[in-house]
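To keep things clear, I will list the structure first and then write my remarks on it.
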Amino acid sequence: MITSHVGPLTYEKVDVDKALKAALNKSRSEVIGTVSSSGLKGRGGAGFPTGVKWNLCAAAQNEHKFLVCNADEGEPGTFKDRILLTDYAKLVFAGMVIGGYAIGATKGLIYLRGEYQYLRAQLEEILEALREDKLLGFNILGKDDFSFDIEIRMGAGAYVCGEETALIESLEGHRGEPRNRPPYPVDTGFLGQPTAVNNVETLAWVTTIFDKGAEWFKGQGTEKSPGLKIFSVSGDCKQPGVYELPFGVSVADLLKTVGGEDAKAVQIGGASGHCIPAKDFGRKIGFEDIATGGSVIVFGPQRDLLEVAINFMEFFSDESCGQCTPCRDGCPVILKGLEAFKRGECSIAHLHELRRLGETMQLASKCGLGQSAANAFLSITEHFADEVLGRNQSNGFKE
Ligand SMILES: Cc1cc2nc3c(=O)[nH]c(=O)nc-3n(C[C@H](O)[C@H](O)[C@H](O)COP(=O)(O)O)c2cc1C
Ligand code: SF4
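Residue numbers (the numbering used here): 5 to 403.
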């Protein structure tokens with residue numbers, strides 16, 4: 005298990021107390037203004053602007069509001085949030101306090117991945133120390149208009165519970181199934197109240213921004229993807245681990261950093277992301293080109309990409325919550341097709357049908373799980389048709 009980061013992280017030098025004081029000395033709208041002007045976009049994958057989300061939640065007039073830290077981290081190949089919670093939990097909790105203050109919440113919940121149970125005791129200790137330092141609880145830093153506390157709730161190992169509405173269902177004690185959207189959580193979230201759900205890394209950057217400044221943050225990365233990003237790198241490379249790099253880095257430069265120059269492909273964005281072939285390694289990682297929550301899986305020259313596609317589709321078949329037909333039925337149908345392919349039994353016409361099914365799932369599934377479950381299958385069969393069809397007697401797949 006990878007337990008630390010490779011190379012320096014900005015977080016090491018952040019003065020959390022200074023950041024908290026700087027944020028709470030501002031008005032709520034100034035805090036949201038700072039986050040908006042930094043250009044910070046959510047690090048959980050979708051890249052929604054954090055300032056916009058907080059503004060929507062702040063605008064609601066409800067008496068009760070919630071800020072939820074999404075620490076479910078179920079995407080295959082992602083482990084950056086685990087490292088952040090292990091080494092920089094105070095930074096994440098401070099980001100929750102700042103977010104709670106900005107939107108007018110009195111309660112924060114951290115939804116911790118079931119497998120991270122072992123982290124719970126040390127996280128509780130850090131929360132207790134924050135309470136003793138008056139950085140959590142009643143009238144934080146002497147502000148009589150702001151009280152906020154954080155509770156840890158455990159997930160139970162379902163990947164779909166990382167999706168924010170399924171997560172909220174799970175927090176409420178229900179079966180973890182995605183809700184229809186709209187309404188969005190900022191309007192109708194936990195217990196029907198306005199709720200901002202933010203990724204662990206997003207909240208760590210919030211605290212960093214209040215220490216180092218919105219301009220500092222915005223000065224890195226690209227215009228559409230400002231700031232730095234934490235990547236979880238695994239697979240066929242010399243130095244797997246957690247890395248901090250600016251958005252806009254090319255796949256080739258990332259591979260050089262991690263010792264994966266001989267890769268034939270890279271899966272960016274985890275099982276729900278896309279398989280990028282070597283000819284496209286000049287492409288940039290960022291919301292304007294290859295969007296990602298941070299998972300990078302390197303495939304070396306020997307890696308069998310049909311096996312990779314089968315492995316990912318097994319995962320989605322298991323994890324589909326079963327609520328909607330395109331995802332519930334589409335995942336196992338594609339999986340069966342890939343397994344037939346492995347036995348050399350699948351026709352090219354069937355592959356075309358499976359690809360059409362995958363595209364239909366992208367359009368017709370209810371939530372992000374089904375909408376992205378076919379991404380890897382589609383990109384692998386697009387870029388590595390010869391390799392995938394190597395087992396098939398009727399070789400020569402053409403689009
Ligand atoms: C199937 C599925 C799983 C997800 N898992 C996670 C997760 O583990 N952590 C996370 O932060 N976001 C996850 N998301 C995205 C969340 O729904 C949500 O967009 C995110 O928590 C918002 O935080 P952000 O704006 O800070 O990125 C997942 C989405 C889907 C569709
Ligand atoms: S897309 Fe899949 S996970 Fe999402 S609601 Fe439909 S069946 Fe459930």
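From the three backbone atoms N, C-alpha and C, an ideal C-beta is built for every residue, glycine too. This one's a predicted model, so the numbers in the text were calculated from it and none came from an experiment.
Alpha carbons only, please: which of the options is nearest the one belonging to residue i?
i    : options                : result
A160 : V255, S351, Y120       : Y120
H278 : F52, G46, P80          : P80
G273 : L145, A50, V262        : A50
C73  : N59, G103, I144        : G103
G78  : I36, G118, T110, G37   : G118
L195 : V164, G177, G223       : G177
N29  : P305, R135, I144       : I144
N203 : V237, D19, T38, I114   : I114
K1   : V392, T212, L259       : Residue 1 is absent from the model: the chain starts at 5 and stops at 403.
E132 : T110, F97, G166, M158  : F97
Q306 : Y188, N379, C241       : C241
K84  : S351, V237, R360, I338 : V237
M158 : A75, I384, C61         : A75
K340 : A313, T206, G326, E363 : A313
I130 : L342, T90, A378        : T90
D383 : L358, V246, A368       : For the record, residue 383 in the displayed sequence is Ser; it is not Asp. Closest by alpha carbon: L358.
T192 : Q65, L309, T296, A344  : Q65
E205 : G231, C350, G326, A344 : G231
A353 : L393, Q366, F319       : L393
K22  : V164, L88, K57, K216   : K216
Q243 : G223, Q224, E265, G225 : E265
K25  : T14, V56, V101, Y15    : V101
T329 : A368, L258, L249       : A368
A378 : K346, R332, V190, G11  : R332
K57  : Q375, E318, V190       : V190
I294 : K147, L258, Q197, A170 : L258
Y15  : P281, A282, V246, G263 : V246
Considering only their Cβ atoms, is the gap separating residue j from residue i smaller than 8 angstroms?
i    : j    : result
F150 : A27  : no
R32  : A106 : yes
P182 : C335 : no
S324 : L373 : yes
K69  : T199 : yes
V255 : F221 : no
A208 : L95  : yes
R124 : I156 : yes
L139 : A93  : no
V201 : E168 : yes
V253 : V300 : no
G290 : F235 : no
A267 : G304 : yes
I36  : A62  : yes
V164 : V39  : no
L310 : L342 : yes
G348 : V302 : no
T110 : F152 : yes
L361 : T385 : no
Determine the extent of the alpha helix (DSSP H) in which residue i is found, giving its start and end residues.
i    : result
Y105 : 93-107
F319 : 309-323
L373 : 372-376
C61  : 54-63
R395 : From DSSP, R395 is part of no alpha helix (DSSP H); its letter is neither H nor E.
I130 : 124-136
E155 : That residue, E155, is in no alpha helix (DSSP H); its beta strand (DSSP E) goes 153-158.
I36  : 32-42
A26  : 20-28
Applying the criterion that 16 or more other CB atoms from any shown protein chain within 10 Å of the CB defines a buried residue, is residue i buried or exposed?
i    : result
G298 : buried
F388 : buried
N184 : exposed
Y122 : exposed
K402 : Here K402 scores only 44 on pLDDT, less than 50, and its place in the model is too uncertain to base an answer on.
E67  : exposed
T54  : buried
F142 : exposed
A471 : Here the chain covers residues 5 to 403 and nothing more, so residue 471 does not appear.
R179 : exposed
K233 : buried
K260 : exposed
R86  : buried
N399 : Interpretation of N399 is limited by its pLDDT of 47, a score under 50 that renders its predicted location unreliable; no figure is taken from the coordinates.
G99  : buried
Just curious, the beta strand (DSSP E) that residue i is in, first and last residue?
i    : result
L71  : 70-75
V1   : Summary: the structure shown does not reach residue 1, with the chain confined to residues 5 through 403, and so no result is reported for it.
K111 : 111-116
Ranges of the beta strand (DSSP E) found wholly within the region 281-307, counting only runs of at least 3: 299-303
Jot down the residue ranges of each uninterrupted alpha helix (DSSP H) in the region 322-391, minimum 4 residues, whole runs only, in chain order. 329-346, 352-368, 372-376, 379-387
In chain order, which alpha helix (DSSP H) runs of at least 4 residues are fully inside the region 201-255? 204-216, 218-222
Unbroken alpha helix (DSSP H) runs of length 4 or more, entirely within the region 162-199: which are they? 168-175
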